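Note sheet for the following structure.
Residue numbers (my numbering), protein chains in the order written: chain E, 57 to 167; chain H, 262 to 377.
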């Protein structure tokens, strides 16, 4: 059974703070690592699909890094805003199995 | 683009009845759709992969006779929970990809099912 772990489970930060959280996944049979943002009462929205070791992707104030050899990815948010409040999901794809999701990190940004 | 519409958003039904959940791709054709279930404080768990024009592929432990999936067109997949019981109460959400395996998924808004 593939295990995808996300930490922390939840996080409260002040507006303007930068923050980061972790996704750990199996280091073997890697194909892709997905990040999604899931706001309350909305559908999950894809942020990044990462495929190469050492990859770093950026979308506005959000960026992500990938280390496939040690099996982790970090998601960074610079200067958090209240609208960044959401659950951030990562999902691991081994290529021959469906996406396996972590439980998510729930971020609350306090104004 | 790539909008997925899921209906209903929530439903309450009595034990023993059946409930149908619809998932539509509004602006693209989806040959494959995925049905997930999420219990409280748990991760999204894939239940089945819905293939247009053919039988769905169910994950281990998911009863295909209880969770009927129909994908009769390139824009519509349905999940029917038959003879629902309280333990089927959960959050069900569908998704589809617009590219090859590994492409980002586009999700519906999900359906909160409560069986009384």
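Glycine included, C-beta positions come from ideal geometry on N, C-alpha and C.
All values derive from a computational prediction rather than experimental measurement.
Three-way DSSP call (helix, strand, coil) for residue 320 of chain H in this model
coil
Residues bridged to residue 352 of chain H (per DSSP):
H:299, H:373
Can you find the residues in the same chain that come closer than 6 angstroms, C-beta to C-beta, to residue 311 of chain H, ignoring five residues on each side of it along the sequence?
294, 317, 330, 332, 338
Would the region 292-309 of chain H and the region 342-359 of chain H be scored as touching if the rule is three or more Cβ pairs under 8 angstroms?
yes
Opposing strand residues paired with residue 129 of chain E [DSSP bridges]
E:79, E:122
So what does DSSP say about residue 139 of chain E, is it helix, strand or coil?
helix
Within 10 angstroms of the Cβ of residue 362 of chain H, are there 16 or more other Cβ atoms? Answer buried if so, exposed if not.
exposed
The beta strand (DSSP E) that contains residue 312 of chain H, what's its start and end?
306-312
Alpha carbon to alpha carbon, what distance is there between residue 81 of chain E and residue 59 of chain E?
6 angstroms
Hey, could you find the ends of the beta strand (DSSP E) residue 102 of chain E is sitting in?
101-106
Can you find the residues in the same chain that come closer than 7 angstroms, C-beta to C-beta, to residue 263 of chain H, ignoring five residues on each side of it along the sequence?
288, 289, 359, 367
Please determine if the region 263-282 of chain H and the region 122-135 of chain E are in contact, where contact requires at least 3 C-beta pairs separated by less than 8 angstroms.
no
Quick one: what's got a C-beta closer than 7 angstroms to residue 70 of chain E's C-beta in the same chain, skipping five residues either side?
166
Just the C-alpha distance for residue 313 of chain H and residue 357 of chain H, rounded to the nearest angstrom, thanks.
12 angstroms
How about residue 154 of chain E: is its C-beta nearer than 8 angstroms to some C-beta of chain H?
yes
According to DSSP, residue 161 of chain E sits in a beta bridge with which residue or residues?
E:144
Would you mind stating whether residue 265 of chain H and residue 345 of chain H have Cβ atoms separated by less than 8 angstroms?
no
Using the Cβ count rule (16 or more neighbours within 10 Å means buried), how would you classify residue 326 of chain H?
exposed
C-alpha gap between residue 78 of chain E and residue 147 of chain E, whole angstroms
12 angstroms
If distances are taken between C-alpha atoms only, which option among E:157, E:163, E:158, E:150 comes closest to residue 86 of chain E?
E:150
Since residue 281 of chain H is in the beta strand (DSSP E), which residue starts that stretch and which ends it?
280-286
Can you tell me whether residue 97 of chain E is buried or exposed? The criterion is at least 16 other CB atoms within 10 Å of its CB, across all chains shown.
exposed
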